[in-house]
Amino acid sequence: MGLSLIQDNVLQTRQLETSQEQRRVLSQLEMMLDEVHAAAVAAMPLADAPCESVLGALRRQAAVVPQVRSLLLARDGEVHCASLSGESGGDLGMFGGGQEALAFVAGSAVAPERPLLLYRWRQGSQQVIAVVDARHAWRAAIGRDVGDGAWRVAGMQLGNDGLARSPTRPDAAAIASSRYPIEIVADAPDAMPRPPWRSFHVGVLLVLLAGIPGGYLIHRLMPRRQGRHREYERAIRKGEFVPYYQPLVRAADMEWAGVEVLARWLHPNRGLLAPDSFMTGLERSRFILPATGYLMERAAHELAGMLPQLPVGFHVSFNITPAHLAGRWLPEQCQRFLSVFPQDRIILVLELTEREGVEADEDVHAVLEELRRMGVRIALDDFGVGHSNLSHLQDLRVDGLKIDRGFIARLGSPAGMTPILRTILDLAERMDLDVVAEGVETRAQADALIRHGVTLLQGYLFARPLAGQDLPSALSRTPLPPGAQHVDSTLKVNQLI
Ligand code: C2E
Ligand code: CA
Ligand code: CA
């Protein structure tokens, strides 16, 4: 009786640990697939061009995501460009219908023994296939080898002995991803429970939800979300997300010091959209990565064209979320951005918002460390609201913080400097952090902020967010014409209603 109770407890503990382990593995693999997906979406604009004209770009794209070994472009079911060899030809019969599909193959001509995972993204008659070294990806995502269990994809199984047909077995405790056609299945429970200290060694099986003939895969998304995702995908492919630039002013000399890049969606039916109407959805989807990548590339291109007008050490900031801090995607994008400019000509800043909270694990620290080595600066955005957390100032070793415009709006009224704002500014000074104040609309606000040691100012008092073509003329005038007291009153009304 006593023994069976202990065994029950042990079994329960093990089941709990097993499902936690499953979830951890699932989320690691989802993050890996997010990067693979981003690489495929970003390569889609190349799929329609002749191989020789896009091979260089395709190779660069393949190099951005370390998990991706190579990329293939296909049209009408035929591969017409392979990033490794530049060659064409090859059968794509392993994939079924649907926009997104995954499949295992035993190996390549160069390495027949290295199993590969293929990720296919399709747009009309065009396809991009991202080729991933399956074992390597697993090890990188999970931190250990496939182990005793196996990784199953559409009726195939990758285990210690390589790739084999998987036996049909019921996947008792499967946890399915809501974002990819994958499932994590723990090993079938033993007849006798293992001691709990061994229960972390559960073999984990990854099963890609198989469709019918040949194990083709269909991604089962909610129809509404699928519609939205199709919109995001189109917007990225057609370049509908465009960068707007809001200039920043240095408090020390009141000269232009940089710009914040703010996304706008040039929607074919709904016109120019501000981020409030789409950013939450975009950030929750995996399309935020290719969208940010596209914005960074386009901004680099536009700013390079006006470089003679930009002062040396001009700040360019982009908005990122914690999702950007997983894997090597962000450092690679920043490298690409910086490589467009002569060294030290531009200072790249990332404004990190914590809408959902940041989990500062080892991987996040490694990414931040790499960014710092590259000279990229990190600022905490919307400081003082939402999840922004004092401990992150120290934890993430940020270079600066950006005070949300909600605090600035209250400034300059008879109430003056609020205790919270005073405390934030005090803290920043003690920690030697740069401080940017956003939403500065009146001269009185600017004066109060300068008196209290703010480094940079941003707001309608100086300039609104501008399209690329309007930026040079805005930067050619002085930030604050003499006598400027405040912005026109319609803007104040905007803030109240
Ligand atoms: P944010 O990062 O806090 O950006 C500042 C927002 O305040 C911008 O709104 C800007 O237009 C607005 N603003 C600037 N000066 C003034 C002022 O003097 N008065 C008033 N009333 N507003 C001012 P926007 O462009 O609508 O962006 C809204 C938010 O969308 C941003 O807030 C940011 O969190 C997010 N966002 C924008 N672009 C991106 C992006 O590329 N990626 C991500 N992840 N988020 C973005
Ligand atoms: Ca921002
Ligand atoms: Ca803000």
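Just add 106 to wherever you are in the sequence shown, counting from 1, and you've got the working numbering. Glycine residues also receive a C-beta, built at the ideal position from the N, C-alpha and C atoms. Here the structure is a predicted model, which is why all the values come from computation and not from measurement.
In angstroms with no decimal places, state the Cα-to-Cα distance between residue i and residue j.
i: residue 456; j: residue 183; result: 40 Å
i: residue 134; j: residue 244; result: 9 Å
i: residue 556; j: residue 573; result: 28 Å
i: residue 540; j: residue 366; result: 15 Å
i: residue 570; j: residue 288; result: 45 Å
i: residue 147; j: residue 234; result: 8 Å
i: residue 552; j: residue 584; result: 15 Å
i: residue 175; j: residue 144; result: 14 Å
i: residue 318; j: residue 225; result: Unreliable positioning characterises residue 318 in this predicted model, as indicated by a pLDDT of 28, which lies under 50. The coordinate reading is nonetheless provided below. So the alpha carbons of these two residues sit roughly 18 Å apart.
i: residue 343; j: residue 228; result: 12 Å
i: residue 373; j: residue 345; result: 10 Å
i: residue 198; j: residue 132; result: 27 Å
i: residue 313; j: residue 209; result: Low per-residue confidence applies at residue 313: pLDDT is 47, beneath 50, and the placement is therefore not dependable, though the value from the model is reported in the following sentence. Approximately 11 Å, taken between the alpha carbons.
i: residue 537; j: residue 376; result: 45 Å
i: residue 409; j: residue 576; result: 12 Å
i: residue 295; j: residue 201; result: Only weak support is given to the placement of residue 295: the predicted model assigns it a pLDDT of 37, under 50, and the value that follows is read from those uncertain coordinates. So the alpha carbons of these two residues sit roughly 33 Å apart.
i: residue 368; j: residue 458; result: 13 Å
i: residue 503; j: residue 195; result: 50 Å
i: residue 550; j: residue 242; result: 58 Å
i: residue 443; j: residue 396; result: 14 Å
i: residue 508; j: residue 423; result: 11 Å
i: residue 154; j: residue 473; result: 34 Å
i: residue 167; j: residue 149; result: 7 Å
i: residue 339; j: residue 157; result: 23 Å
i: residue 325; j: residue 286; result: A caution first: residue 325 carries a pLDDT of 34, below 50, which makes its placement in the model unreliable, though a value can still be read off. So the two alpha carbons sit approximately 6 Å from each other.
Under 7 Å from any heavy atom of ligand 1, does the C-beta of residue i make it?
i: residue 566; result: yes
i: residue 382; result: yes
i: residue 548; result: no
i: residue 394; result: yes
i: residue 357; result: no
i: residue 352; result: yes
i: residue 389; result: yes
i: residue 524; result: no
i: residue 386; result: no
i: residue 398; result: yes
i: residue 401; result: yes
i: residue 432; result: no
Below 7 Å, is the gap between the Cβ of residue i and the nearest heavy atom of ligand 2?
i: residue 344; result: no
i: residue 425; result: yes
i: residue 540; result: no
i: residue 457; result: yes
i: residue 366; result: yes
Taking residue i as the reference, give the member of the options with the closest Cα.
i: residue 164; options: 173, 179 and 172; result: 179
i: residue 217; options: 204, 240, 234 and 232; result: 240
i: residue 470; options: 127, 137, 132 and 586; result: 137
i: residue 420; options: 141, 448 and 395; result: 448
i: residue 497; options: 515, 533, 473 and 481; result: 533
i: residue 578; options: 215, 416, 526 and 424; result: 416
i: residue 212; options: 204, 506 and 237; result: 237
i: residue 130; options: 159, 282 and 368; result: 282
i: residue 477; options: 432, 488 and 509; result: 432
i: residue 361; options: 562, 524 and 351; result: 562
i: residue 162; options: 188, 173, 140 and 196; result: 188
i: residue 393; options: 331, 357, 454 and 411; result: 331
i: residue 544; options: 489, 194, 185 and 231; result: 489
i: residue 510; options: 542, 499 and 529; result: 542
i: residue 482; options: 581, 196, 450 and 548; result: 450
i: residue 418; options: 364, 380 and 371; result: 364
i: residue 336; options: 391, 350 and 582; result: 391
i: residue 352; options: 564, 125, 582 and 159; result: 564
i: residue 232; options: 204, 414 and 172; result: 204
i: residue 388; options: 333, 434 and 354; result: 333
i: residue 529; options: 548, 159, 141 and 560; result: 560
i: residue 223; options: 428, 177 and 170; result: 177
Just to check, is the beta-carbon of residue i closer than 7 Å to a non-hydrogen atom of ligand 3?
i: residue 570; result: no
i: residue 488; result: yes
i: residue 553; result: no
i: residue 544; result: yes
i: residue 511; result: yes
When you compare the CB of residue i with every CB in chain D, is at least one pair closer than 8 Å?
i: residue 414; result: Looking at the structure shown, chain D is missing, and only one protein chain is on hand.
Item checked: Inter-stretch contact (C-beta, 8 Å, three-pair minimum) for the segment 399 to 414 and the segment 430 to 444 -> yes
Note to self: If we require 4 or more residues per run, which alpha helix (DSSP H) segments fall completely within the segment 489 to 576?
What the structure shows: 496 to 501, 511 to 515, 525 to 536 and 549 to 557
Checklist line | Those runs of the beta strand (DSSP E) which lie wholly inside the segment 437 to 467 and span at least 3 residues | finding: 452 to 458
Notebook entry, point to check: What residue ranges within the segment 347 to 390 form continuous alpha helix (DSSP H) runs of no fewer than 4 residues, ordered along the chain?
Noted result: 385 to 390
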